[in-house]
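The block underneath contains the structure these notes are about, expressed in structure tokens.
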Amino acid sequence: MSNKIDNFQKEHLKELGNVNFINPLEFKEPRTLNADQNKKIQELNQKISTYNNNGKIDPQEFKKILYASYKIIESLTKEKSKTKIKTSKYKKFNPDTQIWLPVAYLNYGMWYDFLRAAELSEDYQVDWKLYKDWGGKKVVMNTWFKTWFASRGEELFGSKEKGGLGKFKINTNSPKPYAYARRLKDWRRFEKEPHRFNKSDRQILKAREHLENVSKGLFP
49 MSNKIDNFQK
59 EHLKELGNVN
69 FINPLEFKEP
79 RTLNADQNKK
89 IQELNQKIST
99 YNNNGKIDPQ
109 EFKKILYASY
119 KIIESLTKEK
129 SKTKIKTSKY
139 KKFNPDTQIW
149 LPVAYLNYGM
159 WYDFLRAAEL
169 SEDYQVDWKL
179 YKDWGGKKVV
189 MNTWFKTWFA
199 SRGEELFGSK
209 EKGGLGKFKI
219 NTNSPKPYAY
229 ARRLKDWRRF
239 EKEPHRFNKS
249 DRQILKAREH
259 LENVSKGLFP
């Protein structure tokens with residue numbers, strides 16, 4: 049009977065820790081490894097070598113190998129998250145579709161929310177013909193933004209080229225999503241308790257400007 053770690057034994061490792069067994073040979077000098085990660089792989093190599101030279105199956109040694117394997121997975125995952133290009137849905141680039149957004153995702157969420165707020169307000173009349181490609185009033189008013197954006201966002205706002213423009217664009221090179229969010233929050237409070245705000249309140253005036261613009265197919 050061979051003392052080498054075979055596929056059957058590797059399956060036991062998976063059951064012990066519910067993670068994939070890492071063979072250090074599969075990570076031989078990959079470009080993404082740093083010194084600390086290489087050190088972990090060397091330590092794992094030594095543990096596997098020690099185990100393979102042992103004449104019996106020792107569950108404790110299996111656990112040591114498994115733990116070292118897990119630390120490598122953890123290290124590689126952390127390193128990847130630090131160096132990866134902007135891939136979050138909150139950023140500008142989607143590596144899966146190779147689509148670029150001119151501005152960050154949050155800004156489109158604010159456009160969407162202001163559009164819904166304008167429709168719900170008696171002070172504004174949204175021209176829904178301008179939002180036909182968005183799915184129209186019924187879709188926008190009955191769909192959560194994340195769900196809506198996942199199916200339509202990149203087609204409406206994205207481009208295959210960095211710096212390119214989609215069918216719809218935000219009319220500023222320096223959008224301020226957190227400022228928009230504050231204004232929308234104040235606007236919602238204003239609609240419920242207008243007596244708490246001055247007529248010249250800056251946030252309400254800016255919110256009105258956004259609401260007027262989205263009614264005409266523009267933002268901010």
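49 is the number of the first residue of the sequence shown in this note's numbering; add one for each residue after it.
The C-beta atom is built at its ideal place from N, Cα and C for all residues, glycine as well.
Item to check | Start-to-end residues for the alpha helix (DSSP H) that takes in residue 162 | outcome: Taking the first residue of the sequence shown as 1, we reach residue 162 at position 114. Following the DSSP letters along the chain, one finds residue 162 inside the alpha helix (DSSP H) bounded by residues 153-168.
Item to check | CB contact flag (residue 149, residue 116, <8 Å) | outcome: The sequence position of residue 149 within the sequence shown is 101, counting from 1. The sequence position of residue 116 within the sequence shown is 68, counting from 1. Going by C-beta atoms, residue 149 is not nearer than 8 Å to residue 116.
Checklist entry - Rounded C-beta distance between residue 218 and residue 151? I'm assuming under 8 Å. => result Here residue 218 is taken as the residue at index 170 of the sequence shown, counted from 1. Here residue 151 is taken as the residue at index 103 of the sequence shown, counted from 1. Confirmed, Cβ separation roughly 5 Å.
Next on the checklist: For residue 246 and residue 159, I'd like the C-alpha separation in whole angstroms.
Outcome noted: Indexing the sequence shown from 1 puts residue 246 at position 198. Indexing the sequence shown from 1 puts residue 159 at position 111. Using only the alpha carbons, I get a separation of about 25 Å.
Checklist entry - Quick one: what's got a C-beta closer than 7 Å to residue 263's C-beta in the same chain, skipping five residues either side? => result By one-based count along the sequence shown, residue 263 stands at place 215. Result list for residue 263: 166, 172, 173, 174 and 175, in chain order.
Next on the checklist: Please report the straight-line C-alpha distance between residue 209 and residue 140, rounded to a whole angstrom.
Outcome noted: Here residue 209 refers to the residue found at position 161 of the sequence shown. Here residue 140 refers to the residue found at position 92 of the sequence shown. If I take the Cα positions, the gap works out to 11 Å.
Checklist entry - When burial is assigned at 16 or more other CB atoms within 10 Å of the CB, is residue 243 buried or exposed? => result The sequence position of residue 243 within the sequence shown is 195, counting from 1. The residue in question, residue 243, is exposed, as its Cβ has fewer than 16 Cβ neighbours within 10 Å.
Checklist entry - Whole-angstrom Cβ separation of residue 214 and residue 207, contact assumed at under 8 Å? => result By 1-based counting over the sequence shown, the position of residue 214 is 166. By 1-based counting over the sequence shown, the position of residue 207 is 159. Contact holds; Cβ gap of about 6 Å.
Checklist entry - Helix, strand or coil for residue 141 per DSSP? => result In the sequence shown, residue 141 corresponds to position 93, counting from 1. Strand.
Next on the checklist: Spatial neighbours of residue 181 within its chain, please: C-beta separation below 7 Å, excluding the five flanking residues on both sides.
Outcome noted: The residue labelled residue 181 in the question sits at position 133 within the sequence shown. Answer for residue 181: 204 and 215, listed in chain order.
Checklist entry - Roughly how many angstroms separate the alpha carbons of residue 187 and residue 211, rounded to a whole number? => result Residue mapping note: residue 187 aligns to position 139 of the sequence shown, counting from 1. Residue mapping note: residue 211 aligns to position 163 of the sequence shown, counting from 1. Each residue's CA atom was taken as its position, placing residue 187 and residue 211 some 29 Å apart.
Checklist entry - Using a Cβ-Cβ cut-off of 6 Å (strictly less than) and excluding sequence neighbours within five positions of residue 235, which residues of its own chain qualify? => result Along the sequence shown, one-based indexing puts residue 235 at 187. The answer, listed in chain order, is 255.
Checklist entry - Would the beta-carbon of residue 267 fall within 8 Å of that of residue 193? => result For the purposes of this step, residue 267 is taken as residue 219 along the sequence shown, with counting starting at 1. For the purposes of this step, residue 193 is taken as residue 145 along the sequence shown, with counting starting at 1. Not in contact: residue 267 and residue 193 (Cβ atoms no closer than 8 Å).
Item to check | DSSP state of residue 222 mapped onto helix, strand, coil | outcome: On the sequence shown, residue 222 is found 174 positions in, with the first residue counted as 1. Looking at residue 222 - three-state DSSP - the assignment turns out to be coil, as it is neither helix nor strand.
Item to check | Within 8 Å, strictly: CB atoms of residue 265 and residue 179 | outcome: Within the sequence shown, residue 265 is the residue found at index 217, counting from 1. Within the sequence shown, residue 179 is the residue found at index 131, counting from 1. In this structure, residue 179 lies closer than 8 Å to residue 265 by Cβ.
Item to check | C-beta contact flag for residue 184 and residue 200 at 8 Å | outcome: Position 136 of the sequence shown, counting from 1, holds the residue named residue 184. Position 152 of the sequence shown, counting from 1, holds the residue named residue 200. For the pair residue 184 and residue 200, the CB atoms are not nearer than the 8 Å cut-off.
Checklist entry - Excluding sequence positions up to five away, which residues of its chain have a Cβ less than 7 Å from the Cβ of residue 145? => result By one-based count along the sequence shown, residue 145 stands at place 97. If you ignore the 5 residues before and after residue 145, its C-beta comes within less than 7 Å of the C-beta of 202, all in its own chain and listed in chain order.
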